[in-house]
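Peer 1:
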Amino acid sequence: MSKLPKVTGRDMRGVMAYPPTPALPGAERVDAVDTVDLAETERMIRALINDGVDAIALNGTLGECATLTLDEWKAFAGCVAETVRAVNEDFPVFIGTTTLNTRDTVSRMKFLSDLGTTGTLLGRPMWGDMVAPVMERFYRDVAEAVPDQAIVVYDNTAAFGGIIPRRVYKTLVDLPQVVAVKYAGGASVGFRYHNDMAHTGTRFPLMSIETDWFPAWEMYGEELVGMAWSSTTAMGPGPVLELRDALQQGRTEDARWLTERLRWAHEPFLVGQDFMEFAKYNIPLEKIRVNGAGYINVGKCRPPYTEDLVPEEHVMTTAEHVNRYKQIRGEVEQRFGVRASKDSLAKV
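Position one of the sequence shown corresponds to residue 574 (our numbering), numbered consecutively onward.
1. Can you tell me whether Gly625 is buried or exposed? The criterion is at least 16 other CB atoms within 10 Å of its CB, across all chains shown.
2. Decide if the segment 889 to 899 is in contact with the segment 615 to 623; the criterion is three or more beta carbon pairs, one per stretch, under 8 Å apart.
3. Does the Cβ-Cβ distance between Pro592 and Leu641 come in under 8 Å?
4. Tell me, to the nearest whole angstrom, how far the beta carbon of Ala600 is from that of Lys873; I am working on the premise that it is less than 8 Å.
5. Considering only DSSP beta bridges, list what Gly587 is partnered with.
6. So for Met574, helix, strand or coil by DSSP?
7. Report buried or exposed for Arg676, applying the criterion of at least 16 other Cβ atoms within 10 angstroms of its Cβ.
8. Quick check: what's the CA-CA separation for Arg862 versus Glu815?
9. Determine the closest residue to Val813 out of Ser781, Tyr793 and Gly794, with distance taken between C-alpha atoms.
10. Within the same chain, show all residues whose beta-carbon is closer than 7 Å to that of Glu904, passing over the 5 residues directly before and after it, in chain order.
11. Per DSSP, what kind of secondary structure is Met693 in: helix, strand or coil?
12. Since Val666 sits in a beta bridge, which residues does DSSP pair it with?
13. Grouping DSSP H, G and I as helix and E and B as strand, with all else coil, what is Met770?
14. Compute the Euclidean distance between the alpha carbons of Gly774 and Tyr766, then round it to the nearest angstrom.
15. Tell me where the beta strand (DSSP E) around Met682 begins and ends.
16. When the distance is taken between beta carbons, is Ala753 closer than 8 Å to Asn729?
17. Who are Met780's beta bridge partners in DSSP?
18. Where does Ala731 sit, in a helix, a strand or coil, going by DSSP?
19. Gly633: buried (16+ other C-beta within 10 angstroms of its C-beta) or exposed?
20. Just to confirm before moving on: does the CB-CB distance between Gln722 and Gly692 stay below 8 Å?
21. Hey, quick one: how far does the alpha helix (DSSP H) through Val653 stretch, first residue to last?
22. Is it true that the CB of Cys638 sits closer than 8 Å to the CB of Thr614?
23. Within 10 angstroms of the Cβ of Gln750, are there 16 or more other Cβ atoms? Answer buried if so, exposed if not.
24. Taking 6 Å as the limit between beta carbons, can you name the residues of its chain near Ala838, skipping five residues before and five after?
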């Protein structure tokens with residue numbers, strides 16, 4: 574009997590963090606090699622786990638899967654796996670393996686299997702748009718090829734040329750490897766979300782972005798939307814984790830206030846104003862905001878998606894977003910107190 578993943582869709586609860594891949598100085602150069610800052614990678618993983626996130630997903634779009642060489646990706650994955658083993662070997666971590674074809678993805682998933690990771694964050698080949706039958710076969714093939722790797726399906730309408738058709742969800746629910754879907758942020762809590770969820774039910778969560786989590790939770794409850802995804806956690810996870818706690822503890826007014834503050838902080842950020850424009854500058858804008866917030870030092874972007882080509886207007890609105898997020902971090906601490914880390918709790 575084939576070995577199944579360590580986790581199931583019903584295990585997916587809380588906040589899944591999506592941080593960038595830390596880069597060494599000079600990573601923006603075309604002739605750069607071995608650009609991953611492994612020391613900062615270890616510190617980043619330890620910090621996120623210690624501060625209380627429930628899972629981590631890496632090497633998606635902002636995680637620079639597209640711009641890491643294979644050797645860099647392997648070094649990064651190895652560092653992450655080693656760090657997780659040292660901190661908590663049962664902590665769920667999903668490392669991206671999206672490539673341009675099935676065989677390369679399977680090869681990377683087998684590498685992760687040998688490392689003993691929980692699973693993978695997986696989009697789909699995008700050189701040619703995938704119709705539903707091809708998409709269904711792709712996910713079935715990789716799940717059967719590496720059955721011990723849990724899969725968080727990555728839904729990004731800009732990167733992958735469209736939505737996941739509803740009929741594909743009927744296939745995904747039959748694959749025990751699929752434990753969650755990172756749902757396209759702008760589509761959360763709408764008609765498509767509702768109708769897709771009619772197929773997935775409680776099999777696995779269609780994870781909304783953290784700013785949409787409260788209305789999704791209010792409408793569908795924890796059994797259906799028990800986990801959210803958040804790249805904002807890389808700016809300091811406190812406000813997002815306070816939202817998680819408020820939702821799980823039934824503190825509706827606190828959850829409403831936290832959602833309003835998070836949305837206020839995000840208002841200047843391009844992603845909520847023009848998603849297709851944001852998609853052109855996704856990687857550098859994410860790195861700009863994460864570096865500006867000061868929680869992680871993720872360095873420069875790798876070519877070709879470098880910061881120097883981002884329009885100044887977008888840089889300025891991102892800076893305003895960072896300032897607002899720093900402000901609400903203080904507001905949240907003032908209202909709820911400074912969160913205790915897992916390390917500090919263990920010493921009590």
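For each residue, glycine too, the CB sits at the ideal point set by N, CA and C.
Values in this document were obtained by computation on a predicted structure and should not be read as measured data.
Peer 2: Taking the coordinates as given:
1. buried
2. no
3. no
4. 5 Å
5. Met800
6. Reliability fails at Met574, whose pLDDT of 40 lies under 50, so the model's placement of it is uncertain and no value is given.
7. exposed
8. Annotation: Arg862 to Glu815 spans about 21 Å, alpha carbon to alpha carbon.
9. Ser781
10. Arg834
11. A small fix is needed here, since residue 693 is Thr in this sequence, not Met. The answer is strand: DSSP assigns Thr693 an E or B state.
12. As DSSP reads the structure, Val666 sits in a beta bridge with Ile629.
13. helix
14. 11 Å
15. First-last for Met682: Thr675 to Leu688, but that is the alpha helix (DSSP H), not the beta strand (DSSP E).
16. no
17. Lys755
18. Residue state, collapsed to three classes: coil.
19. buried
20. A contact, by the Cβ cut-off of 8 Å.
21. Leu643 to Asn661
22. no
23. buried
24. Arg897, Tyr898 and Ile901
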